[in-house]
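Heads up: the sequence lines are chains A and B, in that order. Going left to right, the first sequence walks through residues 930 to 1200 as this note's numbering numbers them. Going left to right, the second sequence walks through residues 35 to 292 as this note's numbering numbers them.
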Amino acid sequence: MQASTTPSKTDTTPKPVVSRRLDRMFLALSDVASFVGQFFKEVFVPPYEGKEIVRQCYEVGVRSLPLISLTGFITGIVFTNQSRPSLATFGATSWLPSLISIALVRALAPLVTALIASGRVGSNIGAELGSMRVTEQIEAMEVSGTNPFKFLVVTRVIATTFMIPVLAMFFVFLGVMGSYVNVAQNEKTSFMSFIETFFSSITFLDINSTVVKALIFGFTIGIVGCYKGYNSSKGTEGVGKAANASVVTSMFLVFIEELLFLQIINAIRAA
Amino acid sequence: MNTKKSVNHPKESVIVIRDLKISFGDLHVLRGVDLDLYQGENLVVLGRSGTGKSVLIKIIAGLLEPDEGTVNVLGEDVAKLNKRELDALRLKLGFSFQNSALYDSMTVRENLEFPLIRNVRNLSRSDIDKAVEQALEDVGLSQTINQMPSQLSGGQRKRIGIARTLILKPEIMLYDEPTAGLDPITSNEINNLINEVQERHNTSSIIITHDLTCAKTVGDRIAMLLDGRFERQGTFEEVFEDSNDERAKQFYEYNFVN
Chain A
930 MQASTTPSKT DTTPKPVVSR RLDRMFLALS DVASFVGQFF KEVFVPPYEG
980 KEIVRQCYEV GVRSLPLISL TGFITGIVFT NQSRPSLATF GATSWLPSLI
1030 SIALVRALAP LVTALIASGR VGSNIGAELG SMRVTEQIEA MEVSGTNPFK
1080 FLVVTRVIAT TFMIPVLAMF FVFLGVMGSY VNVAQNEKTS FMSFIETFFS
1130 SITFLDINST VVKALIFGFT IGIVGCYKGY NSSKGTEGVG KAANASVVTS
1180 MFLVFIEELL FLQIINAIRA A
Chain B
35 MNTKKSVNHP KESVIVIRDL KISFGDLHVL RGVDLDLYQG ENLVVLGRSG
85 TGKSVLIKII AGLLEPDEGT VNVLGEDVAK LNKRELDALR LKLGFSFQNS
135 ALYDSMTVRE NLEFPLIRNV RNLSRSDIDK AVEQALEDVG LSQTINQMPS
185 QLSGGQRKRI GIARTLILKP EIMLYDEPTA GLDPITSNEI NNLINEVQER
235 HNTSSIIITH DLTCAKTVGD RIAMLLDGRF ERQGTFEEVF EDSNDERAKQ
285 FYEYNFVN
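The following block contains the structure:
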């Protein structure tokens, strides 16, 4: 009799660790893909939850402003101060505004804003939705005839996607102010001259790519926070884990996206 | 302790469950449940923790899908409903959650308005205010209208949770552990409220609990979940006091004797 090649139901041989981890990883990826798919399915279908989107934009945008403002201003001062000695070696301190503009607009503003938002907004979303899951608030919403995915997830992802670019632009503005304070103290440059040099060094592509990058970062922070919170396991431990995983995963993805985006923009510039 | 007088209900079923089975991995929770809920009655589902009592009402509300069996609510097979039909059916069900499930970020008023605004069209501001005030008055908590859920006691949260479900005037109420974690006096208040809801709104209710005082006070009929099936059904006396079933006796003794 020919032996069967298919494993029997009673075959209890454990799978190798690598195989189990790969299984888990692919399952998790398919889960994330279906979550993102559901977002795009729901986002274009009414009702659009406009009031809740405005409330979430306020939570994400306005409430993050003080932190972003302070960080942007300090980054401008520190970056200018730290760059000065290198430029002074070549007698090129007049290039400081150009250097600051390129650094702020191309890299620092979207990246630092996204990292701060991962910590403040991402963890908040993860913990809030996780807590709602644990205390059955999401199920309560569902039985009262409200689509919780649309009300909780879609609104938050839209808010982070559109508010992170706004915050990044605000970061640029405050960074410029901080930088000018430092330059004005040391080089006695006039404000108009500083601004003129600042804008002469950046292109339309720089600003566009920053906005697009910030949109992608915002979407990532929103979707990761919502995914972790919405699918958090039962119990208070799950809430903590959801908040923590939201921050760690979104920060990691933001860096990966930054790297990929850099390659794409460099390719566009070279073309 | 008061024993509830049995309601003489006409035998019209509002929920019919047949051969319901559900497993979570290797754990077979419900192994063939048959149950009828009749119009206007309070049916208490008793059972030990982890026997699938909450799972049962979550299946009725369409929050969980069973592996096998049928659940018919108000003449509609829950499994065959699309999303829109299920949402419409859910508006006829009031679900009172174990932890009340009040929305933490909203005031009591906003909690009560939430299902109303989203499901009833063309309501004026004064209609909404009137409905909210009436629902709060029904549960005796008008003074909490502008408070946040975090400012309420456990008993108050339960009452507000019930008020939120009542605001849509449901035909069927599903209570998940309504007296869990409450002191005996507050538990008694909740039990009385469940009876008032039944009398005032003519609702049919399933009350999930393992509190025999609650079962005796509110239940027209008791169904005891044992090993994933309803092995004993009847009045409180039939299930416990006149019973020779060891498991029922054990349940009774641990509640009242120990």
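Backbone N, C-alpha and C fix where the C-beta goes; we use that ideal spot for every residue, glycine too.
Exercise. Is Leu-1096 (chain A) buried or exposed, if buried means 16 or more other CB atoms sit within 10 Å of its CB?
Worked result: Looking up residue 1096 (chain A) in the first sequence gives position 167. Result: buried.
For this session: Kindly indicate which three-state DSSP category Glu-265 (chain B) falls into: helix, strand or coil?
Result: To locate residue 265 (chain B), count along the second sequence from 1; it is residue 231. Glu-265 (chain B) falls in the strand class under three-state DSSP.
Problem set entry | chain B residues whose Cβ lies nearer than 9 Å to that of Glu-1068 (chain A) | Taking the first residue of the first sequence as 1, we reach residue 1068 (chain A) at position 139. The contacting residues are Lys-92, Ala-95, Leu-97, Phe-129, Phe-131, Ala-135.
Exercise. So, helix, strand or coil for Ala-1032 (chain A), using DSSP?
Worked result: Residue numbering aside, residue 1032 (chain A) sits at position 103 when the first sequence is read from its first letter. Three-state DSSP puts Ala-1032 (chain A) in a helix.
Exercise. In three-state terms, what does DSSP make of Leu-108 (chain B)?
Worked result: Your numbering for residue 108 (chain B) matches position 74 in the second sequence. Correct three-state label for Leu-108 (chain B): coil.
Exercise. With a Cβ-Cβ cutoff of 8 Å, do Ile-196 (chain B) and Val-231 (chain B) count as a contact?
Worked result: On the second sequence, residue 196 (chain B) is found 162 positions in, with the first residue counted as 1. On the second sequence, residue 231 (chain B) is found 197 positions in, with the first residue counted as 1. Yes, Cβ-Cβ distance for Ile-196 (chain B) and Val-231 (chain B) is below 8 Å.
Problem set entry | Three-state secondary structure (DSSP) of Glu-1071 (chain A) | For the purposes of this step, residue 1071 (chain A) is identified with residue 142 of the first sequence, where counting begins at 1. Three-state DSSP puts Glu-1071 (chain A) in a helix.
Exercise. Around the C-beta of Ser-158 (chain B), are 16 or more other C-beta atoms found within 10 angstroms, so that it is buried, or is it exposed?
Worked result: Sequence index remark: in the second sequence, residue 158 (chain B) carries index 124 (1-based). Classification of Ser-158 (chain B): exposed, given that the 10 Å Cβ count is below 16.
Exercise. Taking Cβ positions only, does Asn-1111 (chain A) come closer than 8 Å to chain B?
Worked result: In the first sequence, counting from the first residue as 1, residue 1111 (chain A) sits at position 182. Output row for Asn-1111 (chain A): interface = no.
For this session: Please report the residue range of the alpha helix (DSSP H) in which Asn-153 (chain B) lies.
Result: Taking the first residue of the second sequence as 1, we reach residue 153 (chain B) at position 119. Where Asn-153 (chain B) is concerned, the enclosing alpha helix (DSSP H) stretches over 142-153.
For this session: Identify every residue that forms a DSSP beta bridge with Ile-16 (chain B).
Result: Since the displayed chain B opens at 35 and closes at 292, residue 16 (chain B) lies outside it and no answer follows.
Problem set entry | Alpha-carbon spacing of Gln-168 (chain B) relative to Lys-203 (chain B), whole angstroms | For the purposes of this step, residue 168 (chain B) is identified with residue 134 of the second sequence, where counting begins at 1. For the purposes of this step, residue 203 (chain B) is identified with residue 169 of the second sequence, where counting begins at 1. Answer to the nearest angstrom: the Cα atoms are 12 Å apart.
For this session: Output the distance between the C-alpha atoms of Gly-268 (chain B) and Gly-1167 (chain A), rounded to the nearest integer angstrom.
Result: The residue labelled residue 268 (chain B) in the question sits at position 234 within the second sequence. The residue labelled residue 1167 (chain A) in the question sits at position 238 within the first sequence. One C-alpha to the other measures close to 40 Å.
Exercise. Looking only at DSSP bridge pairs, what is His-62 (chain B) linked to?
Worked result: Position 28 of the second sequence holds residue 62 (chain B). In DSSP, His-62 (chain B) forms a bridge with B:Ser-57.
Problem set entry | Amino acids of chain A, ordered along the chain, whose beta-carbon sits closer than 9 Å to that of Pro-204 (chain B) | If you number the second sequence from 1, residue 204 (chain B) lands on position 170. Ordered by position in chain A, no residue passes the 9 Å Cβ test against Pro-204 (chain B), which lies about 10 Å from the chain.
Exercise. Beta-carbon separation of Ser-221 (chain B) and Tyr-72 (chain B) under 8 Å?
Worked result: Your numbering for residue 221 (chain B) matches position 187 in the second sequence. Your numbering for residue 72 (chain B) matches position 38 in the second sequence. Going by C-beta atoms, Ser-221 (chain B) is not nearer than 8 Å to Tyr-72 (chain B).
Exercise. Helix, strand or coil: how does DSSP classify Phe-1120 (chain A) here?
Worked result: Translated into the one-based positions of the first sequence, residue 1120 (chain A) becomes position 191. Reduced to three states, the DSSP call for Phe-1120 (chain A) is helix.
Exercise. Assuming Gly-1147 (chain A) and Met-1092 (chain A) make a contact with CB atoms under 8 Å, what is their CB distance in whole Å?
Worked result: Taking the first residue of the first sequence as 1, we reach residue 1147 (chain A) at position 218. Taking the first residue of the first sequence as 1, we reach residue 1092 (chain A) at position 163. That belief holds up - the Cβ atoms of Gly-1147 (chain A) and Met-1092 (chain A) are roughly 6 Å apart, short of 8 Å.
For this session: Compute the beta-carbon to beta-carbon distance between Arg-52 (chain B) and Thr-104 (chain B), rounded to the nearest angstrom, for a pair I have assumed lies under 8 Å.
Result: Your numbering for residue 52 (chain B) matches position 18 in the second sequence. Your numbering for residue 104 (chain B) matches position 70 in the second sequence. With a Cβ gap of about 5 Å, Arg-52 (chain B) and Thr-104 (chain B) count as contacting.
For this session: Evaluate Tyr-987 (chain A) with the Cβ neighbour count: other Cβ atoms within 10 Å of its Cβ, from every protein chain shown; 16 or more gives buried, anything less gives exposed.
Result: Taking the first sequence and counting its residues from 1, one reaches residue 987 (chain A) at position 58. Result: exposed.
For this session: Pull up the CB-CB distance for Ile-982 (chain A) and Ile-1087 (chain A), whole angstroms please, since I reckon it's below 8 Å.
Result: Walking along the first sequence from the start, residue 982 (chain A) turns up at place 53. Walking along the first sequence from the start, residue 1087 (chain A) turns up at place 158. Going by Cβ atoms, the distance from Ile-982 (chain A) to Ile-1087 (chain A) rounds to 5 Å, so yes, they are a contact pair.
Problem set entry | From A:Tyr-1156, A:Ala-1199, A:Thr-1042, A:Thr-1000, residue whose alpha carbon lies closest to that of Gly-907 (chain A) | Since the first residue of chain A shown is 930 and the last is 1200, residue 907 (chain A) is not available in this structure.
For this session: Whole angstroms is fine: what's the gap from Leu-125 (chain B)'s alpha carbon to Phe-1008 (chain A)'s?
Result: Looking up residue 125 (chain B) in the second sequence gives position 91. Looking up residue 1008 (chain A) in the first sequence gives position 79. Looking at the two C-alpha atoms, the distance is approximately 58 Å.
Problem set entry | CA-to-CA distance, His-62 (chain B) to Cys-1155 (chain A), given in whole angstroms | As a position in the first sequence, residue 1155 (chain A) is number 226, starting the count at 1. As a position in the second sequence, residue 62 (chain B) is number 28, starting the count at 1. The alpha-carbon atoms of Cys-1155 (chain A) and His-62 (chain B) are separated by roughly 31 Å.
Exercise. So the alpha helix (DSSP H) Gly-1005 (chain A) belongs to, where does it begin and stop?
Worked result: The residue you call residue 1005 (chain A) lines up with position 76 of the first sequence. It spans 994-1018 - the alpha helix (DSSP H) in which Gly-1005 (chain A) sits, taken as one unbroken run.
Exercise. Does the distance from the CB of Lys-1079 (chain A) to the CB of Glu-971 (chain A) come in under 8 Å?
Worked result: Working through the first sequence from its first residue, we reach residue 1079 (chain A) at position 150. Working through the first sequence from its first residue, we reach residue 971 (chain A) at position 42. Closer than 8 Å, so yes.
Exercise. Since Arg-191 (chain B) meets chain A, which of its residues come closer than 9 Å, beta carbon to beta carbon?
Worked result: Taking the second sequence and counting its residues from 1, the one referred to as residue 191 (chain B) is at position 157. Within 9 Å Cβ-Cβ: nothing; Arg-191 (chain B) doesn't reach chain A, min ~11 Å.
For this session: Have a look at Leu-293 (chain B) and Ala-1056 (chain A) and give me their C-alpha separation to the nearest angstrom.
Result: The structure shown does not extend to residue 293 (chain B), since chain B spans only 35 to 292, so no value can be given for it.
Problem set entry | Contact list for Thr-1075 (chain A) against chain B, beta-carbon separation under 7 Å | For this step, residue 1075 (chain A) is matched to residue 146 along the first sequence. Correct list: Arg-152.
Exercise. Do you know offhand how far Arg-1049 (chain A)'s Cα is from Val-1063 (chain A)'s?
Worked result: Position 120 of the first sequence holds residue 1049 (chain A). Position 134 of the first sequence holds residue 1063 (chain A). Distance between the alpha carbons of Arg-1049 (chain A) and Val-1063 (chain A): 21 Å.
Exercise. Bridge partners of Val-1105 (chain A), per DSSP?
Worked result: Taking the first residue of the first sequence as position 1, residue 1105 (chain A) is located at position 176. Paired residue(s): none; Val-1105 (chain A) is not in a bridge.
For this session: If I'm right that Asn-1173 (chain A) touches Ile-1006 (chain A) with Cβ under 8 Å, what's the distance once you round it to whole angstroms?
Result: The residue labelled residue 1173 (chain A) in the question sits at position 244 within the first sequence. The residue labelled residue 1006 (chain A) in the question sits at position 77 within the first sequence. Not quite, the Cβ-Cβ distance comes to about 32 Å (not below 8 Å), so this is no contact.
Problem set entry | Alpha-carbon to alpha-carbon, Thr-199 (chain B) and Glu-1065 (chain A) | Looking up residue 1065 (chain A) in the first sequence gives position 136. Looking up residue 199 (chain B) in the second sequence gives position 165. If you take the alpha carbons of Glu-1065 (chain A) and Thr-199 (chain B), they lie about 14 Å apart.
Problem set entry | Leu-216 (chain B) - DSSP class collapsed to helix/strand/coil | Counting from 1 along the second sequence, the entry for residue 216 (chain B) is found at position 182. Correct three-state label for Leu-216 (chain B): coil.
Problem set entry | Cross-chain neighbours of Arg-124 (chain B) in chain A, by beta carbon under 9 Å | For the purposes of this step, residue 124 (chain B) is identified with residue 90 of the second sequence, where counting begins at 1. The contacting residues are Glu-1071, Val-1072, Ser-1073, Gly-1074.
Problem set entry | Rounded Cβ spacing between Leu-246 (chain B) and Tyr-286 (chain B) (contact assumed at less than 8 Å) | Indexing the second sequence from 1 puts residue 246 (chain B) at position 212. Indexing the second sequence from 1 puts residue 286 (chain B) at position 252. Yes, they are in contact, since the Cβ atoms of Leu-246 (chain B) and Tyr-286 (chain B) sit about 7 Å apart, within 8 Å.
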